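This report refers to the structure that appears directly beneath it.
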Amino acid sequence: MATVKPFRGYRPAEHAEQIACPPYDVINSREAREMAKGNPLSFLHVEKPEIDLPEDVDLYDEQVYAKGRENLDKFIARGILKQDSKPCFYVYGQTMDGRTQYGLVAAVSAQEYDQGIIRKHELTRKDKEEDRTRHVDTLCATTGPVFLTYPDQKDMDECVRTLTERTPQYKFTSADGIGHAFWVMDDDKDISAVQKIFAALPVLYIADGHHRSASAAAVARKRKAANPHHTGQESYNYFLAVIFPAGQLYVMDYNRLVKDLNGLSEETFLAKIRAKFDVEANGQAKPSARHTFGMYLGGKWYTLRAKEESFDGKDPVAALDVSILQNNLLGPVLGIGDPRTDKRINFVGGIRGLKELERRVDNGEYKAAFSMYPTSMEELMKVADANLIMPPKSTWFEPKLRSGLVTYKY
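Yeah, the sequence shown ends on 418 if you go by this note's numbering, and it's all consecutive.
Okay, here's the thing in structure tokens:
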């Protein structure tokens, strides 16, 4: 069963639009400083507190985490964030390009993450995981929600529909054009109904936020070990999540750029990849189906179609397009063995558009680009259910969850 727990969230008393900020990991420190400039209410002061310290301070210095704790405490002390009087669920709606997705905001179980009830599909990087672990532990809070998903449930859709017919507590459009709306679910009958629906689900899936999940679970284990009276009900046993039905989610392509052709001429390179792909120079930039790829090389677009014998269609990881490209082209032809660490490859989220790929090849920064067909939610769940790991940069979800609309504090 999947446990979802209502909690007494800390929320903006007002000015939610000024407080809400992008996730900590989609902007760098320089961008965060610029974004928060002139806005003392920005939650970036909590999520990326290095912006309030001299630029020469190391990002992992203890001062950074202490400043985050100080800033969060100030937001609460000054009434910028106020705590709800009773445990609640919340519903977060996001609208992009006329399409809206509604997620349940809840506390979810760190123990269920460790047990695999909350299923993952990506590896985490030790440095990033340690950074968020220190952030959560120092602030005694999870401030950026984990993005979870579950197979569509009609009963849950109805609960959400009824609530979202009411006026939201917050409603605004952020600078990137994404619409945000936020409702509080404080009726005990509604809360009980939601918990019953989720208790019938065997698993939840991480869509985005593997480092945040791993960090919250690490803090829970640390505090459990230090607490001789641990019961399992302490607030540190849970972390903040927004849980969306899979059918509402939009997975975008996650495209690739390569620095060079591994010493090959264009003609030799094209000849080599024809062993595993049907290659057509047709000017089509966007793949139209699974197992097809766009390739931008020498100022023109090609379509690559993977030959059936080039991958194992029964293997949920090997059949992913990102695996097919890696195993049949990037690795054996271009010599990019580990895309996590190789400096000759870069990744561009689909939100940037395919023109961004053309621009970066045309200006000489990269030699070739590959446009991908988006990984599906069904593929993601199959990999997670098999307890397997996707290759890096397999999925790009949009829109991103804003931080600061509600905080889960220990």
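From the three backbone atoms N, C-alpha and C, an ideal C-beta is built for every residue, glycine too.
Keep in mind the model is a prediction, meaning the values are calculated, not measured.
A contact is defined here as three or more CB-CB pairs under 8 Å, and the segment 154-168 fails this definition with respect to the segment 85-95.
In the DSSP secondary-structure assignment, residue 111 is bridged to 100. For residue 264, the enclosing beta strand (DSSP E) begins and ends at 262-266. In this structure, the straight-line span from the alpha carbon of residue 83 to that of residue 229 is close to 28 Å. Around the beta-carbon of residue 274, fewer than 16 other beta-carbon atoms lie within 10 Å, marking it exposed. Excluding residues up to 5 positions away in sequence, 117, 118, 119, 228 lie with their Cβ nearer than 7 Å to the Cβ of residue 245 in the same chain. Per DSSP, residue 299 has no beta bridge partner at all.
Contact between the segment 381-401 and the segment 187-206 is absent: fewer than 3 CB-CB pairs across the two stretches fall below 8 Å.
Contact between residue 355 and residue 282 does not hold, since the beta-carbon distance rounds to 25 Å and is not under 8 Å. Residue 176 is positioned such that its CB atom lies no closer than 9 Å to that of residue 113.
In the structure shown, residue 91 falls within a strand segment according to DSSP collapsed to helix, strand and coil.
When C-beta atoms of the segment 40-53 are compared with those of the segment 233-253, fewer than three pairs fall below 8 Å, so the two segments do not count as touching. For residue 16, there is no enclosing alpha helix (DSSP H), as DSSP marks it with neither H nor E.
Per DSSP, the unbroken beta strand (DSSP E) holding residue 216 starts and ends at 212-216. In the DSSP assignment, residue 348 falls outside any alpha helix (DSSP H), carrying neither H nor E.
The alpha helix (DSSP H) runs lying completely inside the segment 130-160 and spanning 4 residues or more are 134-147, given in chain order.
Residues 324 of the same chain have their beta carbon placed closer than 6 Å to that of residue 394, with the five preceding and five following residues left out of the count.
For the alpha helix (DSSP H) assignment, the uninterrupted runs of no fewer than 4 residues enclosed by the segment 291-338 are, from N- to C-terminal side, 329-333. Within the same chain, and ignoring the five residues on either side of residue 207 in sequence, the residues whose Cβ sits closer than 6 Å to its Cβ are 9. Sequence-distant Cβ neighbours of residue 358 in its own chain, meaning closer than 6 Å and more than five residues away, are 260, 261, 404. Per DSSP, residue 288 lies in no alpha helix (DSSP H) segment; the continuous beta strand (DSSP E) that holds it begins and ends at 285-288. In this structure residue 149 touches residue 80 by the C-beta definition: roughly 6 Å separates them, less than 8 Å.
Following the DSSP letters along the chain, one finds residue 281 inside the alpha helix (DSSP H) bounded by residues 274-281.
Looking at the DSSP output, residue 127 shares a beta bridge with 213. In the DSSP annotation of this structure, the continuous segment of the alpha helix (DSSP H) that includes residue 54 starts and ends at 52-55. Between the segment 210-217 and the segment 127-136, the count of C-beta pairs closer than 8 Å reaches three or more; the two stretches touch. Closest by C-alpha distance to residue 250, out of 347, 308, 97, 343, is 97. The three-state secondary structure of residue 223, taken from DSSP, is helix. Close CB contacts of residue 392 within its chain, under the 6 Å cut and outside five residues either way in sequence, are with 127, 129, 213 (chain order). A direct Cα-Cα distance of roughly 11 Å separates residue 37 from residue 53.
Residue 183 is classed as exposed because its beta carbon has fewer than 16 other beta carbons within 10 Å across all chains shown.
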